[in-house]
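Trainee:
Protein chains: 2
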Amino acid sequence: MDITIREATLTVGEAAERVGLTTYTLRWYEQEGLVAPVGRDSARRRRYTERDVDWLFLLTRLRRTGMPLRDMRRYAEMARQGDATLAARRALFETHRARVLSRMAELEEDLKVLNYKIDNYRRAEECR
Amino acid sequence: MDITIREATLTVGEAAERVGLTTYTLRWYEQEGLVAPVGRDSARRRRYTERDVDWLFLLTRLRRTGMPLRDMRRYAEMARQGDATLAARRALFETHRARVLSRMAELEEDLKVLNYKIDNYRRAEECR
DNA sequence: GGTTGACTTCGCGTGCACTCGAACTGGAAG
DNA sequence: CTTCCAGTTCGAGTGCACGCGAAGTCAACC
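Listed in order, the protein sequences are those of chains A and B. Using numbering that gives the first Met the number 0, count along the first sequence one by one with no gaps and you end on 127. Using numbering that gives the first Met the number 0, count along the second sequence one by one with no gaps and you end on 127.
1. Interface residues of chain B around D40/A at Cβ under 7 angstroms?
2. Quick one, are the C-beta atoms of T22/B and R44/B less than 8 angstroms apart?
3. Kindly give me the distance between the Cβ atoms of M71/A and L33/A, rounded to whole angstroms, as I take these residues to be in contact under 8 angstroms.
4. Kindly identify the DSSP beta-bridge partner or partners of R39/B.
5. If you follow the alpha helix (DSSP H) that Q129/B is in, where does it begin and where does it stop?
6. Just confirm the distance between the C-beta atoms of V37/A and E29/A, as a whole number of angstroms; I'd bet it's less than 8 angstroms.
7. Just the C-alpha distance for I117/B and A86/A, rounded to the nearest angstrom, thanks.
8. Under a CB-based cut-off of 8 angstroms, is Y74/B close to chain A?
9. Can you find a C-beta in chain A that's less than 8 angstroms from the C-beta of D1/B?
10. Can you list the residues of chain B that M103/A reaches, using a CB-CB cut of under 7 angstroms?
11. Rounded C-beta distance between Y120/A and R88/B? I'm assuming under 8 angstroms.
12. Between W27/A and L68/A, what straight-line distance do the alpha-carbon atoms span, to the nearest angstrom?
13. Who are the neighbours of E93/A on chain B, taking C-beta pairs under 7 angstroms?
14. Could you tell me how far apart the beta carbons of R79/B and A35/B are, in whole angstroms, since I believe they sit closer than 8 angstroms?
15. Measuring CA to CA, which of V18/B, E125/B, R102/B is closest to G65/B?
16. Kindly indicate which three-state DSSP category L58/A falls into: helix, strand or coil?
17. Please decide whether L113/A counts as near chain B, where near means a Cβ-Cβ distance under 8 angstroms.
18. Taking 8 angstroms as the threshold (C-beta atoms), are T84/A and G20/A in contact?
19. Assuming L113/B contacts V99/A (C-beta within less than 8 angstroms), just tell me the rounded distance between them.
20. Tell me whether L9/B sits in a helix, a strand or coil according to DSSP, three-state version.
21. L33/A by DSSP, collapsed to three states: which one?
22. So, helix, strand or coil for T64/A, using DSSP?
23. Quick one: is V109/A buried, meaning 16 or more other Cβ sit within 10 Å of its Cβ, or exposed?
24. List, in chain order, every chain B residue whose beta-carbon is nearer than 7 angstroms to that of R63/A.
25. Please tell me whether R60/B has its Cβ less than 8 angstroms away from any Cβ of chain A.
Structure follows, in structure tokens:
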């Protein structure tokens, strides 16, 4: 068995590639407190662990669901405070989930409008 | 039967209220070419017809589904050109619908992440 | 006939989320 | 040792979609 514990650390560029953000954004997220200060190597270059990448991935999902950076920062702060904030973090996610669900409902409605318009155009094209 | 053809025209304020946009936005949309120049009354004040309101409503749906104003402008231009652009307009809607559908699929995925996190928090809260 | 209030145009300001340029540094390859 | 590249900090710039204040106009009401 060769279970190496060696933390495969990544550079900004590699981490950015992995999570689909730019290096600019990664540094900026850190500066904005969305990410805890990332470890550095001997040359003060950032080295991202798998845990860092997982965290960043979560951030991209929150972002994609429309969570403002302001809320992501609050969440990050809570996460840094440990288990005492578990309930609060869950509440934040539940609130956010509700928003996502109503967003999805909106999209369903909007989709109906699109379908209706497409049908209309199709008919109008036929009757020319 | 009392089918009145009288066009119930609305002021900016009323139209804004109806479609859920501000008066600022309504004027700005017009300036940006998203809306054909709106009719005016004797005092040069805008008067919105039901057709104008319907159009604005459609714009809000396109907007809400994430269509950039740039595309909405292109669409508005085509609409002003009449039947010759019917097919192009349909194509535009079909492309957009595809985007909306994949956006919805994304949200479904993101929802899974949220649910997973909420479950985890719930478990962590129990095992304290 | 004065006040009120919603309208007009114009252009500058705001918030958000990046995005980039400049000037520099440090390790690795040839 | 030079070249090269990916990294560093800092602050300024960008794109989008509005939001708003100022100064003026106009119809309606008291």
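Ideal placement from N, C-alpha and C gives every residue a C-beta, glycine not left out.
Mentor: This is what the structure gives:
1. Those do not exist, as D40/A stays about 31 angstroms from chain B at its closest Cβ, beyond 7 angstroms.
2. For T22/B and R44/B, no; Cβs fall outside 8 angstroms.
3. 5 angstroms
4. R45/B
5. Beyond the ends of chain B as shown, which are 0 and 127, falls residue 129/B; an answer cannot be given.
6. Rounded, the Cβ-Cβ distance is 6 angstroms, consistent with contact.
7. 10 angstroms
8. no
9. Bear in mind that a pLDDT of 48 at D1/B, under 50, signals an unreliable position, so the number given afterwards is only what the model happens to contain. So, not an interface residue.
10. Listed by position along chain B, the residues whose Cβ is nearer than 7 angstroms to that of M103/A are M103, L106.
11. For Y120/A against R88/B, the beta-carbon gap comes to about 6 angstroms, under 8 angstroms, which counts as contact.
12. W27/A and L68/A: Cα-Cα distance of roughly 11 angstroms.
13. Around E93/A, the beta-carbon contacts reaching into chain B at under 7 angstroms are I117.
14. 6 angstroms
15. R102/B
16. helix
17. yes
18. Gly is not the amino acid found at residue 20/A; the sequence shown has Leu there. For L20/A and T84/A, no; Cβs fall outside 8 angstroms.
19. 7 angstroms
20. strand
21. coil
22. Here T64/A carries a coil assignment [DSSP, helix/strand/coil].
23. The amino acid at residue 109/A is misidentified as Val; the sequence shows Asp. The residue in question, D109/A, is buried, as its Cβ has 16 or more Cβ neighbours within 10 Å.
24. E105, D109
25. Contacts with chain A at 8 angstroms (Cβ-Cβ) include R60/B.
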